[in-house]
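These notes concern the structure reproduced below.
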Amino acid sequence: MSFFRYLGIVIVGLAGALAASGCAQGDSSSSLPGTGGGSGQCGASEAVCNGSCTNLAVDAKNCGGCGVACLAGQVCSAGTCATGCGAGTTQCGTECVDLQSSPSNCGSCNNACPTGDLCAQGECIGSCTPGTTACGGSCVDLQTDPANCGGCGTICGAGELCSQGQCTLQCAGGLDNCGGKCVDTQADPTNCGSCGTACLPSEVCSVGQCNLQCLGGTTACASGAGGVTKCVDLQVDANNCGTCGNVCPSGQVCSAGQCQLSCTGGTTDCSGKCVDTSLDPNNCGSCGNACASGQTCQNGACGLVCSGGLIKCGNQCVNLQSDPANCGACNYACSQGQACTNGNCTLVCTGGTTNCNNKCVDTNVDPTHCGGCAVVCSAGQSCVNGTCTVVCGGGSVNCGGQCVQLSTDPNNCGSCGNKCASGQSCQNGVCTLVCSGGTTNCSGQCVQLSTDPNNCGSCGHKCSASQACQGGQCVTTCNPTNNIGLTATASSSGGGTVASGYGPEKMRDGKMEATCSTDKFHWVTADNTPGSAWIELDWTSAQTVARISIDTTQNTVVACGGSAAGRTLAGGTIQYWTGSTWATAGTVSGKTNDWSFTFPSPVNTTKIRIYGVHATNTTGQQSNPIIIEWQVFSC
C-alpha cells in the first residue's frame with residue numbers, strides 16, 4: 032500500500048470518527064467523501080460540519096473530513112492538504128477551485144454568478160450545455176469530475192481520479208493499481224509481473240518474475256512424489272541430512288549434517304529434527320514457532336527479509352528508487368503532484384508541459400524555455416512553436432528575422448521578398464518608378480512636364496497636333512502650309528507606272544495642276560463607283576495628320592496635255608493605320624474637282640490611304656481617276 036493511499040484511509044477514518052462524534056451532538060449529518068451522500072439542507076458535493084454546509088474537497092478547515100484542518104501555507108486540493116493546487120484548479124484564498132465551473136469563482140476568483148445562474152467554461156449561463164450536468168451551481172462532466180463522479184456529490188478520495196464515472200486509484204512513480212492498491216509489480220510477491228500473479232511461499236519476486244531463493248543458510252532440495260522444491264537446512268533436516276535426499280534412520284536426528292542418536296552443538300530436538308532455534312524460521316525461538324512468509328529467523332526472532340533490490344522500511348519491503356512514500360530513503364515522501372524517479376522526487380508535468388527546474392512549462396511558448404529547458408529567447412523575441420522569433424511592432428513585419436515596413440521597404444515591398452527593380456522605390460507597398468533630373472513619373476514613364484506634348488504641365492495633359500509644349504504650356508507652333516506628304520512614300524493598287532512617267536511618286540512630288548502637262552501625274556485603274564482600288568502614303572516615323580488636300584482634274588475639262596474629261600477623283604474612304612489595323616476617319620464622294628478632308632481629330636500614324644477611289648460618273652471617260660498632287664498637313 033502506498034503512503035498516499037494509506038494517508039487517505041487514515042484521513043477518511045479520522046473524518047468518520049469526527050463525523051460520528053458530531054452526529055451524536057447534532058453537529059453533522061453528512062456522509063463521507065466518495066459516498067455521494069449529503070444532508071437534505073446542503074447542496075450536492077457538500078457536507079454539514081459544525082452546523083454549516085461545506086465542500087470537503089476544497090475547505091482548508093475541513094479538508095477530506097470535518098475538522099481536518101490544513102497547516103498554515105497549505106491549501107485543500109481534492110480533499111487533501113497540499114502546498115499547491117492540483118492541475119486544472121486555481122488557488123482562491125485558501126481554496127483550490129476550478130474557475131471553469133465554480134459558481135462563486137466563475138472565470139476568475141470571487142466572480143460569483145447571479146442567483147439561479149450556472150458556471151460553465153468560465154462563464155455564467157442560464158442552463159448547462161449538452162454533455163454536462165448542473166451540480167451545485169456548476170455545469171460538470173459526471174464522467175470525469177472527481178467532485179461529482181458518476182453523480183452529483185460523489186467525491187473521489189485522495190489519490191483517486193474520475194474515469195468514465197468511476198473513482199479510480201491514481202498510481203504514480205511506476206506503480207500499478209492492483210485491486211485498489213498501488214504496488215510494484217517488479218517486486219510484489221502477490222502481484223509479480225502483473226496484478227494477481229502470486230509467487231509460492233518459498234519464492235520471491237525479482238524483476239517481475241517468481242524465483243526460488245533459499246535464505247538463512249538453507250538449500251533447495253526436491254522432495255516428495257511430486258518433486259516439489261523446498262528450502263531445507265542440511266545441518267538439521269533428517270530427510271536431507273548433510274546432502275539432499277540423505278534420510279536418517281528412524282530414532283535418529285540430524286545434527287551438524289550428521290545422523291546421530293541425539294542433538295548436539297546447541298541444537299534442539301523439534302519433532303525429530305535438531306534445529307538451531309536462533310536461526311530456524313520454522314522453529315524460531317522455540318519449537319513450532321514458524322516465521323511468516325518472507326521472514327527469516329535472526330537471534331530467535333522472526334524478521335522481514337527484503338530481496339530483489341528492495342529495502343526494509345518499517346514492516347514493508349520497498350523500492351527506494353520508485354516508491355513516492357520512501358523516495359531515496361525510508362519515510363521520505365514526495366509532495367502531491369510529484370513522482371519518485373531514480374530515488375528523487377520530481378515534478379509530474381501533464382498537458383504537454385515539460386519539467387524545467389522543478390517547474391512545468393510549455394516549451395512551445397515559454398521564452399525562457401523555448402524548444403527545451405533553459406533555451407532563452409533574446410530581447411525582442413517571442414517563443415512560437417518552440418522557436419525564438421523576432422517580435423515586430425509599430426506596424427512592421429518579420430521578414431527573414433528582420434522587422435521591416437512593407438509599405439516602404441524596397442526589398443520587401445507589399446510582401447516579404449518582393450524586391451523593387453533598379454530605379455524604383457516602394458510607395459504604399461507598391462514598387463514605383465523613381466524619376467530624376469526634374470522628370471516626373473507619368474504612367475510608368477519619366478517625362479519632362481515642361482516639354483512633353485502628351486504630358487504638358489501635368490500627367491495626361493496632351494497638346495493638339497498644331498501645338499508644342501513650352502514651359503508646361505501648350506503653344507501653337509504648327510505651320511498649316513507645311514506639306515508632310517512630300518516626305519512620304521506613295522503607292523497604289525495599280526495604274527500609271529514609273530516607267531511610263533505616271534508612277535505613284537507623282538502624287539507627292541510637289542508639282543500642281545499648272546504644270547501637269549509636262550510634270551505629269553498618277554492615275555489609278557478604277558471604275559466610276561467605289562471598288563477596291565486605293566492610293567497610299569507611308570512615313571518611316573509616326574506623323575501627326577490633321578487634314579489632306581487632293582489636286583485632281585475638273586470633270587468637264589480636258590486637262591494635263593489632252594487627258595480625257597471626266598477623270599476627276601470623285602472620292603473614297605479616308606483611313607489611317609493604328610499599328611495593327613486600318614481605322615476609318617471618314618468618307619468622301621461626288622467630288623467633281625479639287626477637294627480636301629479634315630480629320631475629326633488629329634491622328635498620330637505612320638501611313639494613310641484612300642480606299643475605294645473612283646472617277647466621276649457624269650462626264651467623259653468616267654474611269655481611271657487622276658491624282659495630280661496629294662498634300663498632307665499636321666494642322
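Position one of the sequence shown corresponds to residue 32 (this note's numbering), numbered consecutively onward. Every residue, glycine too, gets a C-beta built ideally from N, C-alpha and C. Computed from a prediction, not measured in an experiment: that's the story for all the values here.
Which same chain residues end up closer than 6 Å to residue 602 when comparing Cβ atoms and leaving out the 5 residues on each side of it in sequence? Taken in chain order, the residues that qualify are 619, 620, 622.
Jot down the residue ranges of each uninterrupted beta strand (DSSP E) in the stretch 456 to 516, minimum 3 residues, whole runs only, in chain order. 461 to 464, 471 to 473, 476 to 478, 498 to 501, 504 to 507, all fully within the stretch 456 to 516.
Of the listed residues 89, 234, 98, 91, nearest to residue 82 (C-alpha basis): Checking every option, the nearest Cα to that of residue 82 belongs to 98.
Nearest by alpha-carbon distance to residue 295: which of 301, 287, 302 is it? Distances from the alpha-carbon of residue 295 to those of 301, 287, 302 put 287 closest.
When you compare each of 551, 544, 546 to residue 535 by their alpha carbons, which one comes out closest? Ranking 551, 544, 546 by Cα distance to residue 535 puts 551 first.
Please report the residue range of the alpha helix (DSSP H) in which residue 155 lies. No alpha helix (DSSP H) contains residue 155, which is instead part of the beta strand (DSSP E) from 154 to 156.
Shortest alpha-carbon distance to residue 329 belongs to which of 316, 341, 108, 240? Cα-wise, what sits closest to residue 329 is 316.
Within the continuous alpha helix (DSSP H) that includes residue 547, where are the two ends? Where residue 547 is concerned, the enclosing alpha helix (DSSP H) stretches over 547 to 550.
Inter-residue spacing [alpha-carbon to alpha-carbon] between residue 132 and residue 352: Going from the Cα of residue 132 to the Cα of residue 352 covers about 38 Å.
State the CB to CB distance for the pair residue 248 and residue 264, rounded to an integer number of angstroms; the pair is presumed to be in contact (CB under 8 Å). Cβ-Cβ separation between residue 248 and residue 264: approximately 7 Å, consistent with a contact (criterion under 8 Å).
Exposed or buried, residue 425, counting other C-beta atoms within 10 Å across all chains shown (16 or more means buried)? By the 10 Å Cβ count, residue 425 comes out exposed.
DSSP on residue 398, reduced to helix/strand/coil? In this structure, residue 398 counts as coil in the three-state DSSP scheme.
Going by beta-carbon coordinates alone, are residue 664 and residue 511 separated by less than 8 Å? Result yes, Cβ atoms of residue 664 and residue 511 sit closer than 8 Å.
Terminal residues of the continuous beta strand (DSSP E) containing residue 343? In the DSSP assignment, residue 343 falls within the unbroken beta strand (DSSP E) covering 342 to 344.
Round the Cβ separation of residue 5 and residue 222 to the nearest angstrom and send it over; I've been treating them as touching at under 8 Å. Since the displayed the chain opens at 32 and closes at 666, residue 5 lies outside it and no answer follows.
Closer than 8 Å by C-beta to residue 461: which residues in its own chain qualify, once you throw out the five before and the five after it? Chain order, please. Taken in chain order, the residues that qualify are 444, 445.
Sequence ranges, alpha helix (DSSP H) only - wholly within the stretch 267 to 298, length at least 4: Taking 4 residues as the shortest admissible run, the stretch 267 to 298 contains no complete alpha helix (DSSP H) segment at all.
Any chance the CB of residue 483 is under 7 Å from a heavy atom of the ligand SAM? Here there are no bound small molecules, and the ligand SAM is not part of this structure.
Provide the residue span of the beta strand (DSSP E) that contains residue 186, from first to last. No beta strand (DSSP E) contains residue 186, which DSSP labels as neither H nor E.
In DSSP terms, what residue 582 is bridged to: 660.
What residues match up with residue 521 in a beta bridge as DSSP calls it? Beta-bridge partners of residue 521 (DSSP): 568.
Hey, which unbroken runs of the alpha helix (DSSP H) at 4 residues or more fall wholly within the stretch 326 to 370? As summarised for the stretch 326 to 370, there are no continuous alpha helix (DSSP H) elements at least 4 residues long confined to that stretch.
Along the beta strand (DSSP E) that carries residue 631, what are the first and last residues, could you check? Annotation: the continuous beta strand (DSSP E) that includes residue 631 extends over 626 to 646.
Integer-rounded CB distance, given that residue 522 should sit under 8 Å from residue 578: By a beta-carbon distance limit of 8 Å, residue 578 does not contact residue 522. Their separation comes to about 21 Å.
Identity of the residue in 657, 557, 514, 418 nearest residue 593 by Cα: Residue 657 is the option with its Cα nearest to residue 593.
Three or more C-beta pairs closer than 8 Å, one from the stretch 630 to 649 and one from the stretch 554 to 570: is that the case here? Yes, the stretch 630 to 649 touches the stretch 554 to 570.
Going by C-alpha distance, which of 143, 198, 539 is nearest residue 519? Comparing Cα-Cα distances from residue 519 to each of 143, 198, 539, the minimum goes to 539.
Would you call residue 57 buried or exposed, if buried means 16 or more other Cβ atoms sit within 10 Å of its Cβ? The pLDDT assigned to residue 57 is 36, lower than 50, so where the model puts this residue is not dependable; a value taken from the coordinates is nonetheless given after this. Label assigned to residue 57: exposed.
With 16 other CB atoms within 10 Å as the buried threshold, where does residue 647 fall? Residue 647 is buried by the Cβ-count criterion.
Can you tell me whether residue 544 is helix, strand or coil according to DSSP? The three-state secondary structure of residue 544, taken from DSSP, is helix.
Beta-bridge partners of residue 151, as assigned by DSSP: For residue 151, which the question treats as bridged, DSSP gives the partners 154.
Which residue marks the beginning of the beta strand (DSSP E) containing residue 652, and which one marks its end? First-last for residue 652: undefined, no H or E at that position.
Burial state of residue 362 (16 or more Cβ within 10 Å): The C-beta of residue 362 has fewer than 16 other C-beta atoms within 10 Å across all chains shown, which makes the residue exposed.
Does residue 310 pass the burial test, meaning 16 or more other C-beta atoms within 10 Å, or should it be called exposed? Buried is the call here.
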